[in-house]
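Step one of this worksheet: look at the structure below.
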Amino acid sequence: MIDYDPATYSRILTGLTLGFHIIFASIGVGVPLMIALAEWTGLRKRDPHYTLLARRWARGFVITVAVGVVTGTSIGLQLSLLWPNFMELAGQTISLPLFMETFAFFFEAIFLGIYLYTWDRFKSGWRHFLLVIPVVIGASLSAFFITTVNSFMNQPQGFELVNGVLTDINPLVAMFNPATPTKTAHVIITCYLASAFVLGAIAATKMIRGNRHAYHKKALHLTMVSAFVFAAATAAIGDLSGKYLAEYQPEKLAAAEWHFETEEQAPLIVGGFLADNQEVTGALEIPYALSILAHSNPNEEVIGLNEFPESDTPPLYIHYLFDGMVGIGIYLLAISFMYLLIRRIKPAWQYNKWLMRGIVAGGPLGILAIEFGWVFAEVGRQPWILHQIMRTPEGATTAEHVDIMLYLFIALYIALGVTATVVLRRMFKENPAAHELEQRYGDRRDDK
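Under this note's numbering, think of the first position of the sequence shown as 909, with each following residue one higher.
Okay, structure coming up:
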């Protein structure tokens, strides 16, 4: 057991809550877009398989929304209880995006209810399809607004700091800070990517088990085409994120790459082990790559970590988080491209078990990459809760019994996780797609 320190326990509890919430929040942002794509494809092709995909994905989506509401509420509660000094300092500045995030969620929830209730109630399916568009917009806007809060914590602006108090606050300037474009775009597109792979992994699992129903084949194809597009966009936005770090948070980029000395033509370090004397062993070194990532020029200078006081630099283990996040992103891009390539040049191999296993692995790996990314974002900002203004321990509560709260929330999240898993499994296991397809549209178990 660690000695009781409210700041430490506050960090552990907040990290646990964010780590659990982000699973459901990411799916909650990405799945509505996949539902919309499925229903649109079904209407355009007059194909009931895609329409049923939209129906079934929407049912599962409701469960993730329910859990996300509970964990999202927990985050709001913990901001006030565990970080009162931070909220006292910055609360007025971040209140606008927090309110807008709540508004976006209600906007999404209202139209989700109407969307679910009105299946088969319109003569034209296109009218029903229009109802999912606000759900997609609301989910993405919710992610956008809450991410601007994190952007502000990384690059605070839109105020004057007078005697430790934020004055002359401009919430819009605070919201649209230099970190906002790359951070919000990266969060939203990775939610799309992870969700596509989670749904694709389900279809690939069916293929491995010998269920070659056209429903699952079409689900696999739709998700992998989408995943490839999202993975390519993620790579492009990730490149821009590196350039943002080089300009505004060079110590974070240097720590992520174990780059200690300022130099031109800086190499990129992948993996490896770090000795106490800052010597890196067992790593893959890619010449010029860090200079290219930071400045799009192999000859540009990249600031080293030794330029900063040790007390102002993040923990060096974020290097592994960064490598893991990027590595998984490359894997997801490669496996989705491989599927599309094999489907085109050798269709008979497109359901090869090894390829299907690779896609199945992409489901949990996509979620893991998001976890790596968020831990990297938060730990990489340390020792600051508000960059260059307030250190993390200064923002935390000094109250007792935060440890008890931690144990209670652990129990809550275990209960929520188990319940959601059991409900989702029973929901779809007891009502297979082929059975529902036959009930709704007649026997259409073709393999086209």
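For glycine and all other residues, C-beta sits at the position ideal for the given N, C-alpha and C.
For Gly1235, the enclosing alpha helix (DSSP H) has its first and last residue at Ile1226 to Ile1253. At a Cβ-Cβ threshold of 8 Å, Leu1263 and Tyr1239 do not count as neighbours. Assigned with DSSP and collapsed to three states, Thr1075 falls in strand.
Counting along the chain, the unbroken beta strand (DSSP E) around Leu1069 starts and ends at Glu1068 to Val1070. Between Leu990 and Ala1304 a beta carbon distance of about 6 Å is seen, short of the 8 Å cut, so the two are scored as contacting.
Going by DSSP, Gly1190 is part of the beta strand (DSSP E) stretching over Val1188 to Ile1194. In this structure, the beta-carbon distance from Trp1034 to Leu951 falls below 8 Å. With respect to the C-alpha of Ala1087, the residue from Thr1113, Leu1248 and Asn1058 having the closest C-alpha is Asn1058. Note on geometry: alpha-carbon atoms of Ile1253 and Asn1207 lie some 40 Å from one another. Leu1294 has Met1298 as its beta-bridge partners, per DSSP. By the Cβ test, the stretch 1016–1032 is not in contact with the stretch 978–992, since fewer than three Cβ pairs between them sit closer than 8 Å. Ile1278 and Ile930 do touch by the CB rule: their CB atoms are close to 6 Å apart, below 8 Å. In this structure, Leu1294 sits near Ala998, with a CB-CB distance shorter than 8 Å. Pro1158 is classed as buried because its beta carbon has at least 16 other beta carbons within 10 Å across all chains shown. In the three-state scheme derived from DSSP, where H, G and I count as helix and E and B as strand, Phe1336 is classed as helix. For Gly1271, the closest alpha carbon among the candidates His1129, Ile1250, Thr1300 and Ala1112 is that of Ala1112. Using a Cβ distance threshold of 8 Å, Lys1160 and Gly1266 do not count as a contacting pair.
Boundaries around Ile1002 are those of the alpha helix (DSSP H), Pro992 to Tyr1025, since no beta strand (DSSP E) includes it.
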